[in-house]
Amino acid sequence: MLREVLPIALITVLTLAPHCSQADDKLVLKSVNVDLPVGDRMFDGPGSDAANNNCLACHSADMVLNQPALSRTQWRTEVEKMRTAYKAPIDPKDEDAIVNYLVSVKGTK
Amino acid sequence: MDRQFPSRALSSRRRFLKTAGASTLALLSAPALAETVVNLPLPGGPDERPITTTFPQKGPLILQRTRPPLLETPLEVFDQFVFTPNDQFYVRWHWADIPGAVDVSTFRLTVHGNVDRSLTLSIDDLLALPRVELAAVNQCSGNSRGYFQPRVPGAQWSNGAMGNARWTGVRLKDVLDRAGVKAGSIQVRFKGLDEPVVPDAPKLMKSLAIDHARDGEVMLAYAMNGEQLPLLNGFPLRLIVPGWYSTYWVKMLNDIEVLDRPDTNFWMATAYTIPDTPHANVEPGQTGFKSVPINRMVPRSLITNIKQSDTLHAGAPSLARGIAFGGDAGVARVDFSSDGGKTWEQTQLGKDEGKYSFRQWQISFAVPLKGSRALMVRCTSSSGETQPATPNWNPAGFMRNVIEQTPIVVV
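So the sequence lines, in the order shown, correspond to chains B and P. Just so you know, the first sequence maps onto residues 1 to 109 in the numbering used here. Just so you know, the second sequence maps onto residues 1001 to 1411 in the numbering used here.
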């Protein structure tokens, strides 16, 4: 991922007064223009297509892979939360496949 | 336990240690330099996370999620600094549509709603208002979620979804007074420049009660630790809600709306709610409890120079040190136990940087016998609140503040 970080000017040293006090030094903010990494890791293994097609628009795969082992009921709750609360455009016919994949890679034994 | 506290003039960890005198650090293992992965001791795992240096304006951080970013501050940073450096200050975003470019000359903060006159303020307008500074801890509601047992879904943080900074900016009260809050106002709602990536999804909005918003402590910060905020920490303007969890500290703040009705949006009514019980605690699987929006923080403390499974020599003088904070109050005392909580000794506290700040503590100790031990640290706030001995549990993994244990091996 190519990133361009424009120089961020450090603000002239502020006299750091005790908390919640007035400070009168000059302060100048500089505009910022940066690129954020998108994360290009994909889910892999059998059944991963449904997860790749439905999950990665909103978040990178590492969020899922860092989760602890969860039960099928918990994974279904998560997928339904993504669809209902966070409006993920999950194809209803893919929901079972997503849950099956999550259980296969991050399910409780 | 009478113990001479160090001078209030102590300003750095180095001086703090020097003053503490004779204690000799007897750790046999030292943290490796230039690590590319870190192992977080989360029960049941997965415990390995990359250390990333690929985010703009950011140094080494624990990568929990790339997009939208969840970046955790490594424990070592809390050992080195009472004020968390901006480039290692943790990062947490909800939606991936985060502007990468913010032009200071065109940025505007809008104040509207139940006010006498709407305002459109530039950065220069804000810089011209009376400037205030405040040291305050910013902590994610779900900090340490990875230690909940049974485990719960969500960002699997260790203890580094928090940071401490000196915030510089203006009082929210001063801005609201310029707009003229009308009678009948109930809450003030805050929005930032970030947007959901899918249509109809709930934009992040958070609200405070009108009296809270006007308490003179809630701030709009344009600088942290003397510099402009990193973009990922909310450049150019962030709401500062001292003593309250970070969910309210809206980043890239560009919209303030005074409401004459309660805010029932998703991020207030559904997300970030906790059981209305002591310590927000319920039994796993319990249902039917009343929930309320998460609010003030509670006391916490960490040992920062000794990690799980470190080895100490029996009988040798050792030094334990770390940080504590009182939640929404100052730190009254920090106690330490090297025998798994059977006996406690009061630690020396570092400089008081204000009631909402981290406070450093340290103590010399020796463990006489070989074997496995648990080191423990316990903060009591200036309002008399003490960390509990048993962990809380709730379905969202919020508000952990149990007395933390660091298991060690004595040889």
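Ideal Cβ placement from N, Cα and C applies to all residues, glycine included. The model shown is predicted, which means the values in this text are computed figures rather than measured ones.
List the residues of chain P that residue i touches, going by C-beta distances under 9 Å, in chain order.
i                : result
Asp-35 (chain B) : Pro-1056 and Gly-1100
Glu-78 (chain B) : Pro-1153
Contact defined as beta carbons within less than 8 Å: I believe residue i pairs with residue j. What is the distance between those atoms, to the nearest angstrom?
i                  : j                  : result
Cys-58 (chain B)   : Val-1410 (chain P) : Rounded, the Cβ-Cβ distance is 48 Å, inconsistent with contact.
Trp-1157 (chain P) : Glu-1072 (chain P) : 6 Å
Gln-1080 (chain P) : Pro-1230 (chain P) : Not really, about 18 Å apart at Cβ, beyond 8 Å.
Arg-1400 (chain P) : Phe-1148 (chain P) : 7 Å
Ser-60 (chain B)   : Gly-39 (chain B)   : 3 Å
Pro-1284 (chain P) : Pro-1388 (chain P) : Not confirmed; about 17 Å, so no contact.
Pro-1153 (chain P) : Gln-74 (chain B)   : 6 Å
Ser-1381 (chain P) : Ala-1320 (chain P) : Not quite, the Cβ-Cβ distance comes to about 20 Å (not below 8 Å), so this is no contact.
Kindly list, in the order they appear in chain B, the residues whose Cβ is closer than 9 Å to that of residue i.
i                  : result
Pro-1236 (chain P) : Leu-29, Ser-31 and Val-32
Ala-1096 (chain P) : Leu-36, Val-38, Ala-57, Cys-58, His-59 and Ser-60
Ala-1329 (chain P) : The contacting residues do not exist; Ala-1329 (chain P) stays about 14 Å from chain B at best.
Ile-1051 (chain P) : Near Ile-1051 (chain P) there are no residues of chain B at all, since even the closest Cβ is about 13 Å away, more than 9 Å.
Thr-1222 (chain P) : In the sequence under discussion, the amino acid at residue 1222 (chain P) is Tyr, which differs from the Thr named in the question. Correct list: Leu-27 and Leu-29.
Leu-1312 (chain P) : None at all; the shortest Cβ gap to chain B is about 30 Å.
Identify the contact partners of residue i in chain B, using a Cβ-Cβ distance below 8 Å as the criterion.
i                  : result
Arg-1067 (chain P) : Leu-36, Pro-37, Val-38, Gly-39, His-59 and Ser-60
Thr-1270 (chain P) : Ala-85
Phe-1266 (chain P) : Ala-85
Asp-1103 (chain P) : Ser-31
Tyr-1147 (chain P) : Here the premise fails: no neighbours, minimum Cβ distance about 11 Å.
Under 7 Å Cβ-Cβ, which residues of chain P neighbour residue i?
i                : result
Tyr-86 (chain B) : Ala-1201
Pro-89 (chain B) : Val-1198
Ala-69 (chain B) : Gly-1044
Identify the contact partners of residue i in chain B, using a Cβ-Cβ distance below 7 Å as the criterion.
i                  : result
Pro-1046 (chain P) : Asn-66
Leu-1259 (chain P) : Per Cβ cutoff of 7 Å: no residues; Leu-1259 (chain P) is ~22 Å from chain B at best.
Leu-1231 (chain P) : Val-32 and Val-34
Leu-1127 (chain P) : Leu-27
Ile-1123 (chain P) : Leu-29
How would you list, in chain order, the residues of chain P whose beta-carbon sits under 8 Å from the beta-carbon of residue i?
i                 : result
Met-63 (chain B)  : Gln-1064, Arg-1065, Leu-1070 and Ala-1155
Leu-102 (chain B) : Within 8 Å Cβ-Cβ: nothing; Leu-102 (chain B) doesn't reach chain P, min ~10 Å.
In its own chain, which residues sit with a C-beta less than 7 Å from the C-beta of residue i, not counting the 5 before and 5 after it?
i                  : result
Asp-1260 (chain P) : Asn-1114, Gly-1184, Ser-1185 and Ile-1186
Asn-1394 (chain P) : Ile-1274, Pro-1275, Ala-1280, Asn-1281 and Val-1282
Thr-1347 (chain P) : Val-1334, Asp-1335, Phe-1336, Trp-1361, Gln-1362 and Ile-1363
Glu-1345 (chain P) : Met-1001, Asp-1335, Phe-1336 and Ile-1363
Arg-1049 (chain P) : Val-1037, Val-1038, Leu-1040, Ile-1062, Leu-1063 and Gln-1064
Arg-76 (chain B)   : Val-99
Trp-1095 (chain P) : Pro-1068, Asp-1194, Glu-1195, Pro-1196, Val-1197 and Leu-1204
Ala-50 (chain B)   : Asp-94, Ala-97, Ile-98 and Tyr-101
Arg-41 (chain B)   : Ser-60, Ala-61 and Asp-62
Gly-1059 (chain P) : Thr-1053, Asp-1087 and Gln-1088
Ser-1029 (chain P) : Here the model assigns Ser-1029 (chain P) a pLDDT of 38, short of 50, so the residue's position is not dependable, and the following value carries that caveat. Cβ neighbours of Ser-1029 (chain P) beyond the five flanking positions: Asp-1310 and Thr-1311.
Pro-1262 (chain P) : Ile-1186 and Gln-1187
Thr-108 (chain B)  : Ala-69, Leu-70 and Ser-71
Using DSSP's beta-bridge definition, name the partner residues of residue i.
i                  : result
Glu-1227 (chain P) : P:Met-1224
Glu-1048 (chain P) : P:Asn-1039
Trp-1344 (chain P) : BP columns for Trp-1344 (chain P) are empty, so no partner.
Gly-1371 (chain P) : P:Val-1410
Arg-1333 (chain P) : P:Thr-1380
Gln-1362 (chain P) : P:Arg-1321 and P:Gln-1348
Ile-1256 (chain P) : P:Val-1111 and P:Phe-1190
Leu-1302 (chain P) : P:Ile-1323
Pro-1293 (chain P) : P:Thr-1273
Ile-1062 (chain P) : P:Ile-1051 and P:Glu-1072
Gly-1207 (chain P) : Note on residue identity: the sequence assigns Ser, not Gly, to residue 1207 (chain P). DSSP lists P:Arg-1189 as partners of Ser-1207 (chain P).
Trp-1244 (chain P) : P:Arg-1296
Gln-1139 (chain P) : P:Met-1162
Asn-33 (chain B)   : P:Ala-1101
Arg-1238 (chain P) : P:Ala-1221
Within the same chain, show all residues whose beta-carbon is closer than 8 Å to that of residue i, passing over the 5 residues directly before and after it, in chain order.
i                  : result
Lys-1370 (chain P) : Ala-1314, Val-1410 and Val-1411
Leu-1134 (chain P) : Arg-1166, Trp-1167, Glu-1217, Met-1219, Ile-1240, Pro-1242, Gly-1354 and Tyr-1356
Ile-1294 (chain P) : Ser-1141, Tyr-1245, Thr-1247, Tyr-1272, Thr-1273, Ile-1274, Ala-1280, Phe-1398 and Met-1399
Asp-1097 (chain P) : Asp-1194, Glu-1195, Pro-1196 and Val-1197
Ala-1022 (chain P) : Reliability fails at Ala-1022 (chain P), whose pLDDT of 34 lies under 50, so the model's placement of it is uncertain and the value that follows must be treated cautiously. Pro-1317 and Ser-1364, listed in sequence order.
Leu-1075 (chain P) : Ser-1158, Asn-1159, Gly-1160, Leu-1302, Thr-1304 and Lys-1307
Give every residue of the same chain whose Cβ lies closer than 6 Å to the Cβ of residue i, excluding the five residues on either side of it in the sequence, and list them in chain order.
i                  : result
Ser-1383 (chain P) : Ala-1329
Leu-1121 (chain P) : Leu-1109
Val-1091 (chain P) : Pro-1069, Leu-1071 and Leu-1232
Ala-1026 (chain P) : For Ala-1026 (chain P), the predicted model reports a pLDDT of 36, less than 50, meaning its position is unreliable and no value from the coordinates is stated.
Asp-1352 (chain P) : none
Leu-1208 (chain P) : Val-1188
Lys-1290 (chain P) : Asp-1276
Would you say the beta carbon of residue i is closer than 8 Å to some non-hydrogen atom of the ligand SAH?
i                : result
Trp-75 (chain B) : The ligand SAH is not part of the structure shown, which contains no ligands of any sort.
Going residue by residue through the region 1147-1172 of chain P, where are the continuous beta strand (DSSP E) segments of at least 3 residues, counting only ones entirely within it?
1162-1171
Just to confirm the assignment: which complete alpha helix (DSSP H) runs, minimum length 4, are found wholly within the region 1078-1125 of chain P?
none
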